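A.B. asks:
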Amino acid sequence: MTDRRIKVGPMSAVADDAPAPDRLQPTARLLTACQVPERLAGPAVAVLGATADQQLRADPWRLLLLPQIRPDQADWFARRMLGAEAGPQDPRRGRALTGYLLRRAARDGHTAVPAGVIAAALARLRIADPAQAVEAAVDEGAVLPFEAPDSEAEAGVLLALARYAMAEEAVAEGVQRLTALAGPVPGAADALVGDEDNPIDEAQQDAVRAAAGHGVTVLCGGPGTGKSRTIAAVAAMAAGCGLRLALAAPTGRAARRLAELAGAPASTVHRLLGAQGGEGRWVFTRTEEEPLDADLVVVDEASMLDAELAAALVEACADGTRLLLVGDPAQLPSIGPGRVLADLIDSGAVPVTELARLYRQRRGGVIARMATAVRGGQLPPVESADREVVVVPVTSSQSACHRVLQLVTDSIPRALGIQPADIQVITPVHQGAAGTVELNRALKERLNPGPGEHAGFDPGDRVVAVANHPAEGFSNGETGTVTGPGDGGLVIEFPAGAVCVPHRLLAGVRHGWALTVHRAQGSEWPAVVAVFPAEATGMLSRPLAYTAITRAQRHLSVVHGTGPALAAAVAEIGEQPRVTRLASLLT
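Spelled out as structure tokens, the structure:
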């Protein structure tokens, strides 16, 4: 028999910004009385508030609001609370399961789900009347029904969690507001910078004109097509016209690259918006009441914007502000729910400039050509006499790990002069011999051996932030180097400066020699070793392969252990469809 008791692993500890211990006591006592781990009290109070114990007594299935809880575990808790009264047809159970299913869909990127899909899932969870369960969730206000824009949804109805429904509506309303109120920039035509040695082409000029003449515009294209040069031209136009310019990107590394190419300060989107709080509970100081001090906002790597962050961004743009979103829709979509950049492009509601001319061909550009082929659904044979791209076939994940170590510590530095500090390993998976966990262990042993005496880290370790803590000086996706212990924490040298990460926040830091493809998105490195082990076969897709390839600037090594599966995935598996409402709201 399956053990459905609630078990908590080491990563489910009380959140770093959890409530004070005295606020946890009533909930902790309730949970322990029902044989639920006391460590869930912190997450429960963080999600439900100070009255978590009272809410759980009134409705034990509210425990499903905690992301680590499954339906069978919530049922087990309810039986401990209610005894024989805890039946599968309890209205509270159906209401909670409806929200649970929508939250699970949101983790897969959907902001809405056809009502028929939810009804079928509820039936599998022993709900005799799914329609009644959905109605109860709608009456509570956490779930909203909408007319579907097409006939695919049963009865033409979509269901959405209120938070994501409101986020997409805020994006649509903000785009329409900015589009309606931004007039042309006086003198913009004369401010188009003409560099005789490095002129911008007609398509790039069109992008600059669009940014000057419209409230919201999109610039897209693959690597090597001149997006960076176009952003620099937009920044020059803004300077020539006296516009206040704000530059941002979702990750710290992308923001630094943006600042370098535009010649102006840039920040992460969270820092631009004055983010406060922690994961999933952001409060922004820049809002419609306190908008950004900018006439033109440029956001790079916009494919990483999810619905809620995009909503905060457009709401913080004052009337008359112009917003330019730059990105590559062929990359992986945002980790959070939504497909904002793709929906904006698909809607036809804003001007879109797509750059297609491949400029990197002039300098070899094997990486750019390979990326262009993958973007079109083909995995081409590699012909790279200068070893810009190298493919290394392997027969096992253990062999893949061995070859990665060889490439990072010997082959690439010796043959190309790129040192290990400038080489990033990326892989689709965490587990297995060629996943991030094992690769980081092996790379640390070779590159910076040590006992891990400072919370598992040693001076010289490469690390990556896996949580957003802008108030503490670091954001999700930023890589840095441990320099040693500090006052109450660990000092990490991030590119923007040294930060003493408090002990309570070290759960938001991991070793960073090897990253997942998702974690690497938005960043580039001089050399990348992209590993595709057999364990990743089931998750391969064209966007994943394309995103991995395009992280490399000068050299790419592909350690390939999936046989024909990678080429098949590139040819057949495009963007995983996400159900969203934004495109229809915009049209």
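So in this note's numbering, spot 543 of the sequence shown is number 573, and the numbers just go up one at a time.
Don't be surprised by glycine CBs; every beta carbon is placed ideally from N, CA and C.
All values derive from a computational prediction rather than experimental measurement.
#1: Could you give the first and the last residue of the continuous beta strand (DSSP E) run that contains Leu275?
#2: Taking just the CA atoms, how far does Val77 sit from Leu61?
#3: DSSP three-state call for Arg100: helix, strand or coil?
#4: Among Leu303, Leu335 and Val248, which has the Cα closest to the Cα of Thr22?
#5: Looking at C-beta atoms only, is the number of pairs between the stretch 352-371 and the stretch 331-343 that lie closer than 8 angstroms three or more?
#6: Assuming Ala238 and Thr260 are in contact, meaning their beta carbons sit under 8 angstroms apart, how far apart are those beta carbons, in whole angstroms?
#7: Please report the distance separating the alpha-carbon of Gly406 from that of Leu70.
#8: Starting from His432, trace the alpha helix (DSSP H) both ways and give me its first and last residue.
#9: Compute the Euclidean distance between the alpha carbons of His541 and Leu211, then round it to the nearest angstrom.
#10: What three-state label does DSSP hand Ala183 in the structure shown?
#11: Could you tell me the boundaries of the beta strand (DSSP E) in which Gly542 lies?
#12: Of all the options Gly503, Thr315, Pro515 and Gln428, which has the alpha carbon lying nearest to the alpha carbon of Phe487?
#13: Decide if Pro563 is buried, meaning its Cβ has at least 16 other Cβ atoms within 10 Å, or exposed.
#14: Could you pull out every unbroken beta strand (DSSP E) segment of at least 3 residues lying fully inside the stretch 265-340, listed in chain order?
#15: Alpha carbon to alpha carbon, how far is Ala265 from Arg352? Give it in angstroms, no decimals.
#16: Got a sec? Which residues, its chain only, sit under 8 angstroms from Asp236 by beta carbon, not counting five neighbours each side?
#17: Could you name the residues of the same chain whose beta carbon sits closer than 6 angstroms to that of Ala126, not counting the 5 residues immediately before and after it, in chain order?
#18: For Ala386, tell me which candidate among Leu596, Gly251, Phe504 and Ala158 has the shortest Cα-Cα distance.
#19: Is it buried or exposed for Arg274, if we count other Cβ within 10 angstroms and need 16 for buried?
#20: Looking only at its own chain, which residues have a Cβ that is under 8 angstroms from the Cβ of Cys347, when we skip the five neighbours before and after it?
#21: Which residue or residues does DSSP assign as beta-bridge partners of Ser377?
#22: From Leu288 to Val173, what does the alpha carbon distance come to, in whole angstroms?
#23: Just list the alpha helix (DSSP H) runs in the stretch 44-93, keeping only unbroken ones of 4 residues or longer that don't cross its boundaries, in chain order.
#24: Mapping DSSP to helix, strand and coil, what is Thr513?
#25: Check the Cβ-Cβ distances between Ala278 and every residue of chain C, and say whether any is below 8 angstroms.
#26: Quick one, which of Val422, Val438 and Ala167 has its alpha-carbon nearest Asn470's?
#27: Pick from Ala82, Cys64, Gln65 and Ala63: whose alpha carbon is nearest that of Gly72?
#28: Drop a sphere of 10 angstroms on the beta-carbon of Gly213, count the other beta-carbons inside from all chains shown, and report buried for 16 or more, exposed for fewer.
#29: Just checking my contact of Ala582 with Trp543 at CB under 8 angstroms: how many whole Å lie between their CB atoms?
#30: Can you give me the start and stop residues for the beta strand (DSSP E) that Gln583 sits inside?
#31: In angstroms with no decimal places, state the Cα-to-Cα distance between Gly552 and Val588.
#32: Look at the alpha carbon of Gly490 and the alpha carbon of Val329, and state the distance between them as a whole number of angstroms.
#33: Just the Cα atoms here: how many angstroms apart are Leu362 and Gly186?
#34: Report the rounded CA-to-CA distance for Pro253 versus Thr511, giving the unit in angstroms.
#35: Would you please state the rounded distance, in angstroms, between the beta carbons of Leu188 and Arg492? I believe it to be under 8 angstroms.
#36: Since Ala178 contacts Pro229 with CB under 8 angstroms, what's their CB separation in whole angstroms?
C.D. replies: In short, the structure shows the following:
#1: If you number the sequence shown from 1, residue 275 lands on position 245. Per DSSP, Leu275 belongs to the beta strand (DSSP E) from Leu275 to Ala279.
#2: Numbered from its first residue, the sequence shown carries residue 61 at position 31. Numbered from its first residue, the sequence shown carries residue 77 at position 47. Each residue's Cα considered, the two are about 15 angstroms apart.
#3: Reading the sequence shown from its first residue, position 70 is the one you call residue 100. Look at Arg100 here: in three-state DSSP terms it is coil, with no helix or strand label.
#4: It is not possible to answer for residue 22, since the shown part of the chain is limited to 31 through 617.
#5: With the cut-off at 8 angstroms, the stretch 352-371 and the stretch 331-343 touch.
#6: In the sequence shown, counting from the first residue as 1, residue 238 sits at position 208. In the sequence shown, counting from the first residue as 1, residue 260 sits at position 230. The sequence given here has Val at residue 238, not Ala. At roughly 7 angstroms, the Cβ-Cβ gap stays under 8 angstroms, so Val238 and Thr260 are in contact.
#7: Here the question's residue 406 lines up with position 376 in the sequence shown. Here the question's residue 70 lines up with position 40 in the sequence shown. One C-alpha to the other measures close to 47 angstroms.
#8: Walking along the sequence shown from the start, residue 432 turns up at place 402. Unbroken alpha helix (DSSP H) run through His432: Ser427 to Gln436.
#9: Walking along the sequence shown from the start, residue 541 turns up at place 511. Walking along the sequence shown from the start, residue 211 turns up at place 181. Answer to the nearest angstrom: the Cα atoms are 47 angstroms apart.
#10: Walking along the sequence shown from the start, residue 183 turns up at place 153. In this prediction, Ala183 has a pLDDT of 48, which is less than 50 and means its spatial position is unreliable; what the coordinates show is noted afterwards. Correct three-state label for Ala183: coil.
#11: Mapped onto the sequence shown, residue 542 falls at position 512. Unbroken run through Gly542: none, as it is neither H nor E.
#12: To locate residue 487, count along the sequence shown from 1; it is residue 457. Among Gly503, Thr315, Pro515 and Gln428, the Cα nearest to that of Phe487 is on Pro515.
#13: Translated into positions along the sequence shown, residue 563 becomes position 533. With 16 or more Cβ atoms within 10 Å of its Cβ, Pro563 is classed as buried.
#14: 275-279, 296-298 and 326-329
#15: Translated into the one-based positions of the sequence shown, residue 352 becomes position 322. Translated into the one-based positions of the sequence shown, residue 265 becomes position 235. Each residue's alpha carbon lies about 13 angstroms from the other.
#16: The count along the sequence shown starts at 1 and reaches residue 236 at position 206. Thr383, listed in sequence order.
#17: Counting from 1 along the sequence shown, the entry for residue 126 is found at position 96. Cβ neighbours of Ala126 beyond the five flanking positions: Trp91 and Leu94.
#18: In the sequence shown, counting from the first residue as 1, residue 386 sits at position 356. Taking only the C-alpha atoms, the option nearest Ala386 is Gly251.
#19: Residue 274 sits at position 244 when you count from the first residue of the sequence shown. Result: exposed.
#20: As a position in the sequence shown, residue 347 is number 317, starting the count at 1. Gly204, Leu208, Pro321, Leu322, Ala324, Val327 and Leu353.
#21: To locate residue 377, count along the sequence shown from 1; it is residue 347. The partner list for Ser377 (beta bridge, DSSP) is empty, contrary to what the question assumes.
#22: The sequence position of residue 288 within the sequence shown is 258, counting from 1. The sequence position of residue 173 within the sequence shown is 143, counting from 1. Leu288 and Val173: Cα-Cα distance of roughly 39 angstroms.
#23: 51-63, 71-78 and 82-88
#24: Residue mapping note: residue 513 aligns to position 483 of the sequence shown, counting from 1. Reduced to three states, the DSSP call for Thr513 is strand.
#25: Chain labels in this structure do not include chain C; a single protein chain is all it has.
#26: Position 440 of the sequence shown, counted from the first residue, corresponds to residue 470. If we check each option's Cα against that of Asn470, Val438 comes out closest.
#27: Indexing the sequence shown from 1 puts residue 72 at position 42. Considering only alpha carbons, the answer is Ala82.
#28: Against the sequence shown, residue 213 aligns to sequence position 183. Exposed, by the Cβ-count rule.
#29: Translated into positions along the sequence shown, residue 582 becomes position 552. Translated into positions along the sequence shown, residue 543 becomes position 513. Contact doesn't hold; Cβ gap of about 16 angstroms is too wide.
#30: The residue given as residue 583 occupies position 553 in the sequence shown. Counting along the chain, the beta strand (DSSP E) containing Gln583 begins and ends at Ala582 to His590.
#31: In the sequence shown, residue 552 corresponds to position 522, counting from 1. In the sequence shown, residue 588 corresponds to position 558, counting from 1. About 19 angstroms.
#32: Start at 1 with the first residue of the sequence shown, and residue 490 comes out as number 460. Start at 1 with the first residue of the sequence shown, and residue 329 comes out as number 299. Cα to Cα, Gly490 sits roughly 32 angstroms from Val329.
#33: Numbered from 1 along the sequence shown, position 332 holds the residue referred to as residue 362. Numbered from 1 along the sequence shown, position 156 holds the residue referred to as residue 186. Roughly 29 angstroms between the two C-alpha positions.
#34: Reading the sequence shown from its first residue, position 223 is the one you call residue 253. Reading the sequence shown from its first residue, position 481 is the one you call residue 511. So the alpha carbons of these two residues sit roughly 28 angstroms apart.
#35: Here residue 188 refers to the residue found at position 158 when the sequence shown is read from its first residue. Here residue 492 refers to the residue found at position 462 when the sequence shown is read from its first residue. With 8 angstroms as the limit, Leu188 and Arg492 do not qualify as a contact, their Cβ atoms being about 44 angstroms apart.
#36: Position 148 of the sequence shown holds residue 178. Position 199 of the sequence shown holds residue 229. Their Cβ separation, rounded to whole angstroms, is 48 angstroms, which puts Ala178 and Pro229 out of contact at 8 angstroms.
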